[in-house]
């Protein structure tokens, strides 16, 4: 079942995420994908995540189609102007990629090429608009296409905005994204059930699908790093202590993920699990949750 | 009003100068004292005023009343500083201007008081042949016979008169115009012009019963004349002095010195309206003089031809009179008697013009000589001029000097057949007021005014009661000056409205217009120098240590010293004396000192220029924050020093050649610190740019 | 105004060491206003270069001057003789000034002493902030007077990227999130609905830019490309 079908079916949708590395080595990542192939509806492929130069999202998305995984091609606006973005989208369609996640992207200053010139000619909203245009048979400026894609476009939303202004801006932007054609949302990693419930209440009535983001907590250090550096992600102290106290960190991490998914699965339409290399643990988690 | 010599508008003068009848540049000499240039301070005073030591003691210093510092805390003690400048041995070095080429004109000056002396002095300098005619056997007029020696020692007066006469002026004493020689005769004798400065030496009568009949009633003028000629007039045990002017106070204080146990000053209004100088009244009270305000005499009581008391009545103040003062009104039934055995009448003087009344026009009531215009001092008779108390009635010494100087100008023009200057009256300028926020922001420093001798020593005789300030105190006092009108001026042509001045002014003075024009109120500005220095386009100039002047000093000093040149900047605000400067030059010849009102005005480019001109090192000795009027600006200086240091480091010259030290609590430098700094600089070797 | 910042002495030394007789020329409008290119800075810089030359036995003279604006030929005219007498000019003007000088004096080497940073304003003494990047298509009317093109690190036009934390931009904790500022400003003006309009895409101008005003031009009208 493709992601489009899964979303349409009304089932609890499960997606995961892989991040291509620096270099041409892809086998390892394909193995990870293979492990979860049967348990997830789609796998996202990140686009130079954290502005670190890596193998491209389009190529790896294509490789996933070859092993029977439905990829979500992540596209950021950081590195390409509107010509390149449109061209890449057409290319991706030609390579069998059907799902696109439109993102603005991190600033290059955060990555390993901090002096790189940022583009950001388009942003997530205008990119979704452009995808819609391509799907309708014209490019951004209205020229007709010969052969038209039919992307399922998605976007992201961060339920953990840390102040009222940021939250309002998130929700307004979410509305703009839906308006511009986003059919589903994957959220930033969520650890706070109450906050998520509140967020879902606020967006009640929006005609879209929300897949809650789960980041597997691999260590105390990772929790602390995210708290400090990742916008909108906040790992509450009890989780940190739980990991710290556990003898089997992996088990503890799994336990937390299970509790989170159980807690949120009735609030939303699916889950997006960011395992960060621990893809092999996903099936066990899903088993325990019972999905 | 225009100053004849410079054509500078009166408005541009600092308030102290504008307030002075002879336009003495108090700001200039106060600043020179602050710079320890006392000899020049004296010269600054003396060049305008032939009686500087006299004024240093008894001037009523209208300059102090106008002083802007007075709006902040207390005015600069300008008179005390004048006395300091005139009392030092440096004044012996003064060489005044020499008389101009003889004009061939003979001028007679009648009267040798301040008006006559000033006129004689200026006329002599203009090349005229001056003869002074004095009715009394001694010279000096009221300065001699009116002012007691405890305020103005006789030798001080002698010395100044001597210096004036040394210009080649002949003085004839014991010659009374109208009696010994007629005015017309003077012209017959070849005098081309006459200046009548006969003063006001005749007391006004009290006009009350008992005045003429009783022994023990004297007029203040005759009493003081005897006092001042050391004739030791007999005084009573209990004395009443009637009047509220300086003559009354002089009489009262003299009576105390001559043995009167009880002296009452009887004045019809209150202390507030009293015309005598406040300081004098305070001193009199301190010396035991009692005051009876709101009291008018009704009758002098006597027995056996001698005074036994003074019958008085209490007053209350009514409506303001023509002079603007509230006029006293007797309170019915409030009569009382003072038990006294001597009454001194000091209710004002009039000129004794009876001798010349047939030859010159005088006013009916006060017998003052009539002149045509206060400025030219021309009388109704050609070639005859008049001024001083004889024209105005009793006034101050500086007003008399002013009259003498104006008379000299008029007479000179008359003799040369040139027209008199326009005598437009000076419009009374309202004193500009500082805003309260500016007053708040201006640092306060306590005034160091007159230093008196102890009261118990005063009454023993007629020794001078005020002591001269020490150099330390004088410079400290002079450093309180706010440098009026020496501050920032914006060149509109150059200004780019960058607002730097607005941002750096510690007093918040620069103002902006809607269209970007910057204005700096010249009265409010205190010449701290920050705006002029920080202005990126150099559109602001300042009179106190202008940027160019400072750059030139740096260039000359840095290039001049052959013994290894270290430029030393010192702050005038440090507590040091002229001696400290001498010892610096002796002990550290390699340091060329430059003194500034605040090192904050040194720019990075000044520091770099010093090195460009070959200095081995630059030493900046900052004054202690407690003496600095702008201590907050030292930080900016330090940042500029760091900038200059980084340039020196970049050049390989070593930033350590630039050193900042603190001036010590006392003196110019701390020997230990200087030695260390010198060692650091010396070890770096001679500058490769030398 | 245009904000410039002086290059390091090291860079300037390298640039001017072999250039011969040098005129250090201030520019007394923008450069002076941001305290980088007025007479005062000219004096400091010229002094440093003179000392440097003296120490390296370089006899070439260094002179100094300043004009109101180096981007205007009328002002440049005032120093043309001085420039002609030099081998090089170290200009403290912005890029526009340096280029106008270079165009006016094709035989003299014109060197930039400052880096032209941006169009900005003084936030406090000694701090200048970029406010405008002259994008040629002003959107301030929709963003409550806060320019997202300049002040959002990504120049986003359709709202916050979500990367801010505690109101600060993801690129640096000292930078406020422009979009959160815009949010507050629009809210204050009761104009938050501006954020819900259809996606905006910037029209990027062709560089070098040129503004042609036929109503002001003298001579034959052109299309002015």
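Chains as they are written, first to last, in our numbering: chain A, 1 to 291; chain B, 1001 to 1690; chain C, 2001 to 2225. Beta carbons are placed, not taken as given, at the ideal position from N, Cα and C, and that holds for glycine. All values derive from a computational prediction rather than experimental measurement.
In the structure shown, residue 1617 of chain B adopts extended strand secondary structure according to DSSP, grouped into three states.
Taking the C-beta atoms as reference points, residue 2114 of chain C is found nearer than 8 Å to residue 2031 of chain C. Between residue 1542 of chain B and residue 1529 of chain B, the C-beta spacing is below 8 Å. Closest option to residue 2038 of chain C, judged by alpha-carbon separation, among B/1498, B/1215, B/1035 and B/1569: B/1498.
For residue 2043 of chain C, at least one C-beta of chain B is nearer than 8 Å to its own C-beta.
The straight-line gap separating the alpha-carbon atoms of residue 2036 of chain C and residue 2006 of chain C is approximately 6 Å. Counting of Cβ neighbours within 10 angstroms places residue 247 of chain A among the exposed residues, the total staying below 16.
With respect to chain A, the C-beta atom of residue 2160 of chain C has a partner C-beta closer than 8 Å. Between residue 257 of chain A and the set A/282, A/269, A/267 and A/244, the nearest pair of CA atoms involves A/282. Only 2125 from the stretch 2112 to 2125 of chain C bring a Cβ to less than 7 Å from some Cβ of chain B. Residue 1407 of chain B and residue 1377 of chain B do touch by the CB rule: their CB atoms are close to 5 Å apart, below 8 Å. One finds 2026, 2028, 2031, 2032, 2033, 2034, 2035, 2036, 2037, 2038, 2039, 2040 and 2041 in chain C with Cβ atoms closer than 9 Å to the Cβ of residue 1536 of chain B, taken in chain order. Contacts between residue 158 of chain A and chain C, judged by CB atoms closer than 8 Å, involve 2162 in chain order.
With respect to the 8 Å criterion, residue 1234 of chain B and residue 1261 of chain B are not classified as neighbours on the basis of their beta carbons. Around the CB of residue 1093 of chain B, fewer than 16 other CB atoms lie within 10 Å, so the residue is classed as exposed. According to the DSSP secondary-structure assignment, residue 2027 of chain C is paired through a beta bridge with C/2067. In terms of Cα proximity to residue 1576 of chain B, the closest of B/1061, B/1018, B/1012 and B/1036 is B/1036. Under the Cβ criterion (8 Å, minimum of three pairs), the stretch 1514 to 1533 of chain B counts as touching the stretch 1596 to 1610 of chain B. For residue 135 of chain A, no Cβ of chain C is located within less than 8 Å of the residue's own Cβ. One Cα belongs to residue 1456 of chain B, the other to residue 1302 of chain B, and the distance between them is close to 33 Å. Residue 1165 of chain B: member of the alpha helix (DSSP H) spanning 1154 to 1165, first to last residue. Contact between residue 1449 of chain B and residue 1077 of chain B holds, since their C-beta atoms are separated by about 4 Å, short of 8 Å.
C-alpha of residue 67 of chain A to C-alpha of residue 23 of chain A: approximately 20 Å in a straight line. Taking a cut-off of 8 Å for Cβ pairs, the stretch 1186 to 1194 of chain B and the stretch 1211 to 1224 of chain B do not touch, as fewer than three such pairs fall below it. With contacts defined by Cβ atoms closer than 8 Å, residue 1201 of chain B and residue 1349 of chain B form a contacting pair.
No Cβ-Cβ contact shorter than 8 Å links residue 1594 of chain B with residue 1571 of chain B. Taking residue 183 of chain A as reference, the option from A/157, A/112 and A/195 with the minimal CA-CA separation is A/157. The straight-line gap separating the alpha-carbon atoms of residue 1578 of chain B and residue 1556 of chain B is approximately 22 Å. As a beta-bridge residue in DSSP terms, residue 1312 of chain B pairs with B/1297 and B/1336.
Under the three-state reduction of DSSP output, residue 2179 of chain C falls in the helix class. Spanning the alpha carbons of residue 1178 of chain B and residue 1389 of chain B requires a straight line of approximately 18 Å. Cβ contact annotation for residue 2020 of chain C (same chain, cutoff 7 Å, sequence separation greater than five): 2060, 2087 and 2088, in chain order. Of the other Cβ atoms in all chains shown, fewer than 16 fall within 10 Å of the Cβ of residue 113 of chain A; this residue is therefore exposed. Look at residue 1548 of chain B here: in three-state DSSP terms it is helix. In this structure, residue 1147 of chain B places its C-beta atom within 8 Å of the C-beta atom of residue 1058 of chain B.
Look at the stretch 2128 to 2144 of chain C: it has no residue with a C-beta under 7 Å from a C-beta of chain B.
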